[in-house]
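K.L.:
Residue numbers (this note's numbering), protein chains in the order written: chain A, 1 to 112; chain B, 113 to 611; chain C, 612 to 731; chain D, 732 to 1060.
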């Protein structure tokens, strides 16, 4: 019985993770400029991957593989957001102005 | 095990062991050069000992790591491999001995430790190919010699050396990767990598298409590495812009090792097993060789730069060797092997003479070398005698190889006569471009701007090496017993069924 | 079923053509190095496709292997480990040459370099 | 099911390759090349080639992308766009592709156990390794012992590339150098103040180096070995160089020391072979290294793999430092 619940739970998590990866993918296509795309991509990176990894951990039960998956999860938790930050920071330093901000600012006439 | 029994692997491992240490030497004086030439001379001595042993006892086998051959890597040294070992290590020793001063002139003091380390690595790669019996191992050592050769060419004095080296890198890597694809297909169909073992297992799959494609890829890859006619653009460039001692070494043996691989694959693998299809592969090469030696000699006639001219003449001479290989007959193999040996002697002598002239005149442009005959009599005479051997006048090594080539070609009947005429035409063209240099050297007055005061005879070691090579040319013209016995032994090996 | 069986070879052919096209046609030296990289990666794919055995795992025999266990063929993997390092060695040298050519000629485009050579 | 996944990844690989060639901005092209290598590595893993996947990921996706970035910083970013699509080479390649395509129908299917590849040499390795060398990872056994001569050639190839890049880049450009590389790095550090990145870097780099050492010395039991370990260690140093500035990574791993260590690695490998020679065995015959041949093989492979790892690491760091510290024009 316990195995059944775990099985269902892991399939559920995997499906949810898959869905969020899909959402992230569509978001990256639809967003206008780099900065908004980073938001969409980070949805895939953090939420989608986490759900899939936890789903896999439940799937493989208490073994060495689970610990390895946990290590990957922690590693991704650190490097995922940092790489998005690095991308955004370098883009800003590189002189790429965020698109949406520019339109509202020009309407109200203040510096972006 | 006695030391002599270890020679087959030591001949490759000695330079391989010394080269990394040589890279660490500080660039003090000519210490790197000294280490390089001592190693090269020792390797040459080992190669001669191996050749003597092969001539008595036939093929030498050596299993690395004591693993049985199809599972481990085995070294097989037959007569052809022994001759290649001698040519490679001999050419390297001669080029180092003759080229010290011109290397100091063309490459700065601070780059020489790395340069001579790359020189030894290039020699190691070539020796490794000549010795090994494993198809993938040939690829690894081909990469070692190629990488080291790109670096050697890139060290040339002028900036064009860099683009010449880059083109050589792209062509060489394409060739090596085509060869790798060919070996991949062969491995896919036979399941083994050792060439001898592959030959035994190829018979039952020989009619399938992938094996034909494997043959095509191997021949194409090796032709790219050997600068066969349509794909030869990189070679004259590389010889012209590389430092001259490097040109001596490469002209004598670098491209010939690729032909050595072609000969081994053609005669050991494709001919006995593929039957009719194999002759299709080789007959496809004949028009390329004819194009090679006609176009090569024709372009050489109009070339202004001496080294570039000799580069194109090398394209022509390699055309003769590939013609010998593509005849797929015992006489063809003998002719090809003899020309391996003689061409190394001729080209080494020519380039050593050119090195002397470039060292004293500072440029290899033929017009600027006017009056070199008067100022550097010994060097120019050496050049002329080597040129005579290139043309194939009797009593010289060139004549012997042309003689055996024409004998082999005539076996083809009607086509043979046409080929003989074409060979003679290209020899006439050789006369023209050698005469062009002779005319400039002896009968033209030096260009007035040129101050002839500083020009004196070439340095002593260069002259000694030049005349050693010229005498070798003449000696092997009169008594070609060594190359011929090796060639006959190898041909017997392929066709006699001894293997 | 043949589609899945031979798909690897078809992708190998496609990569071969894409890599060769980039090496032969593109003028930019760095782009040609990338093309060379793709061309060599295609060869890696050809070798590693050979090693797969249906129902076999990686060639690691931990502990006493139960008799029925099939293993992938280890030999192509060894060859490709060597070929990958050859690829990176050639790429590194090619890029170093491209850098020096850029400093000497001011550009790494085949057309500019040929023009400068003809002028001098 | 797995081969369906393989089918997907291979299609992605083809798409990535075509995108790489079509991209005209070279930074975009080298990014695509990194993605292409990573997809290729995942495909290798699906084909049961774990060692190759690890090496391809570390070398293909990691090191070569960094080298391309370094080279592009010193050369032009944009590619001269020649719009015309030249037909002749494409026609020749098309004919070649057609010939190869027709040949594929006579080639063994993917995963076919009766293919000639699995008949002759491979089963011997799988049977004999537990008896002769007794280490679980058969790939490392073949790499270091059965075909040790190949790997020796391999170490020399990577060493040649190292001294080749040094020799080519040792010619300092003649034009006046406006700003020294140290000053340039300090200026860049000032502007980009990657403080967050450097903090996380300090966390990740030691872990990456530790993982590289695990891969190096655990290579007999799990996928790994000299090549991938060397590439991983070099990737860690490159990450340090990128975050902290190339002059600091050059100070941490000076060129002279790297060249010496690379030479030591190469001669260590040849030295082990020669020792076997002197002890009476054939070249690279580890059985004679110890009284019991199995331990001899173990010791031989350990030393040889260490030589490979040392040379690959130091040469890749050498190349990175040489390219990253070259003054830009």
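Glycine residues also receive a C-beta, built at the ideal position from the N, C-alpha and C atoms.
Quick caveat, the model's predicted, so the values are computed rather than measured.
(1) In this structure, how does DSSP classify residue 951 of chain D when only helix, strand and coil are distinguished?
(2) Thinking C-beta only, is residue 604 of chain B closer than 8 Å to residue 488 of chain B?
(3) My understanding is that residue 748 of chain D touches residue 629 of chain C, with C-beta atoms under 8 Å, so please give their C-beta distance in whole angstroms.
(4) Contact criterion: CB-CB distance below 8 Å. Does residue 35 of chain A meet it with respect to chain D?
(5) Sort out for me which residues DSSP pairs residue 809 of chain D with in a bridge.
(6) Span of the beta strand (DSSP E) holding residue 102 of chain B?
(7) Can you look up residue 319 of chain B in the DSSP assignment and give me helix, strand or coil?
(8) From the DSSP output, in three-state form, read off residue 866 of chain D for me.
(9) Kindly indicate the opening and closing residues of the beta strand (DSSP E) around residue 986 of chain D.
(10) Quick test of your reading: residue 246 of chain B and residue 306 of chain B, contact by CB under 8 Å. State the CB separation rounded to the nearest angstrom.
(11) Confirm, please, whether the CB-CB distance from residue 464 of chain B to residue 203 of chain B is below 8 Å.
(12) Can the beta-carbon of residue 467 of chain B be found closer than 8 Å to that of residue 357 of chain B?
(13) Whole angstroms is fine: what's the gap from residue 1036 of chain D's alpha carbon to residue 1043 of chain D's?
(14) Residue 801 of chain D and residue 774 of chain D look like a contact to me (Cβ under 8 Å); what is the Cβ gap, rounded to whole Å?
(15) Among the residues of its own chain, which have a CB less than 6 Å from the CB of residue 950 of chain D, if the five just before and after it don't count?
(16) What distance in whole Å lies between the Cβ atoms of residue 462 of chain B and residue 1015 of chain D, which are believed to be in contact at a cut-off of 8 Å?
(17) Would you say residue 716 of chain C reaches chain D, if we count a Cβ-Cβ gap shorter than 8 Å as a contact?
(18) Could you give the residue range of the alpha helix (DSSP H) that holds residue 1029 of chain D?
(19) What alpha helix (DSSP H) runs, 4 residues minimum, are completely inside the stretch 509-594 of chain B?
(20) Between residue 1021 of chain D and chain B, is any beta-carbon pair separated by less than 8 Å?
(21) With a cut-off of 8 Å, does the C-beta of residue 667 of chain C fall near any C-beta of chain E?
(22) If you draw a straight line from the C-alpha of residue 646 of chain C to the C-alpha of residue 251 of chain B, how long is it?
(23) Tell me whether the stretch 144-159 of chain B and the stretch 249-263 of chain B touch, counting them as touching only if at least three CB pairs, one residue from each stretch, are closer than 8 Å.
(24) Any idea which residues DSSP pairs residue 216 of chain B with across the strands?
(25) By Cβ distance below 8 Å, which residues in the same chain neighbour residue 490 of chain B in space, the five residues on each side in sequence not counted?
(26) List the DSSP bridge partners of residue 468 of chain B.
(27) In the DSSP assignment, the alpha helix (DSSP H) including residue 172 of chain B goes from what residue to what residue?
(28) Write down every uninterrupted run of the alpha helix (DSSP H) in the stretch 615-690 of chain C whose length is 4 residues or greater and which is fully enclosed by it, in chain order.
(29) Answer with yes or no whether the minimum CB distance from residue 286 of chain B to chain C is below 8 Å.
(30) State the DSSP-derived secondary structure class of residue 415 of chain B, mapped to helix, strand or coil.
(31) Would a check of beta-carbon distances place residue 927 of chain D closer than 8 Å to chain A?
(32) Compare the Cα-Cα distances from residue 521 of chain B to each of B:446, B:481, B:549 and report the closest residue.
(33) The alpha helix (DSSP H) spanning residue 903 of chain D covers which residue range?
(34) Interface residues of chain C around residue 749 of chain D at Cβ under 9 Å?
(35) Would you check if there are 3 or more beta carbon pairs closer than 8 Å linking the stretch 321-329 of chain B to the stretch 674-694 of chain C?
(36) Applying a beta-carbon distance threshold of less than 7 Å, which residues of chain D neighbour residue 185 of chain B?
P.N.:
The short version:
(1) Here residue 951 of chain D sits in coil by DSSP.
(2) No, the pair does not count as a contact, with Cβ atoms beyond the cut-off.
(3) About 5 Å; that satisfies the 8 Å criterion.
(4) Cβ-Cβ to chain D under 8 Å: no for residue 35 of chain A.
(5) Checking the DSSP bridge columns, you'll see residue 809 of chain D partnered with D:756.
(6) Here chain B covers residues 113 to 611 and nothing more, so residue 102 of chain B does not appear.
(7) Under the three-state reduction of DSSP, residue 319 of chain B is assigned to coil, being neither helix nor strand.
(8) Coil.
(9) First-last for residue 986 of chain D: 986-1009, but that is the alpha helix (DSSP H), not the beta strand (DSSP E).
(10) Here residue 246 of chain B really is in contact with residue 306 of chain B; their C-beta atoms are around 5 Å apart, less than 8 Å.
(11) Taking 8 Å as the Cβ cut-off, residue 203 of chain B and residue 464 of chain B do not qualify as a contacting pair.
(12) The answer is yes: Cβ separation under 8 Å.
(13) Approximately 11 Å, taken between the alpha carbons.
(14) Here residue 801 of chain D is actually not in contact with residue 774 of chain D; their C-beta atoms are around 27 Å apart, not less than 8 Å.
(15) Sequence-distant partners of residue 950 of chain D (beyond 5 residues in either direction) whose C-beta falls short of 6 Å from its own C-beta, in its chain, are 871, 956, 1036.
(16) Residue 1015 of chain D to residue 462 of chain B, Cβ: 40 Å. No contact.
(17) For residue 716 of chain C, no Cβ of chain D is located within less than 8 Å of the residue's own Cβ.
(18) Boundaries of the alpha helix (DSSP H) around residue 1029 of chain D: 1024-1055.
(19) Given a length threshold of 4 residues, each whole run of the alpha helix (DSSP H) inside the stretch 509-594 of chain B is given here in chain order: 509-522, 526-550, 572-590.
(20) With 8 Å as the cut-off, residue 1021 of chain D does not count as an interface residue toward chain B.
(21) Included in the structure are the protein chains A, B, C and D, with no chain E among them.
(22) Between the alpha carbons of residue 646 of chain C and residue 251 of chain B lies a gap of roughly 20 Å.
(23) Between the stretch 144-159 of chain B and the stretch 249-263 of chain B, the count of Cβ pairs shorter than 8 Å is below three; the stretches do not touch.
(24) Answer is none; residue 216 of chain B lacks a bridge partner.
(25) 569, 570, 575, 578, 579, listed in sequence order.
(26) Partner(s): none; residue 468 of chain B has no beta bridge.
(27) Residue 172 of chain B: not part of any alpha helix (DSSP H); member of the beta strand (DSSP E) spanning 172-175, first to last residue.
(28) As far as the stretch 615-690 of chain C is concerned, its whole alpha helix (DSSP H) runs of at least 4 residues are 640-662.
(29) Closer than 8 Å: yes.
(30) If DSSP states are grouped into helix, strand and coil, residue 415 of chain B belongs with coil.
(31) Yes, contact with chain A.
(32) Of the listed residues, the one whose Cα sits closest to residue 521 of chain B is B:446.
(33) Premise fails: residue 903 of chain D is in no alpha helix (DSSP H) and is neither H nor E.
(34) Contacts between residue 749 of chain D and chain C, judged by CB atoms closer than 9 Å, involve 625, 629 in chain order.
(35) They do not touch, by the three-pair rule.
(36) Going along chain D in sequence order, the residues near residue 185 of chain B (Cβ under 7 Å) are 878, 880, 881.
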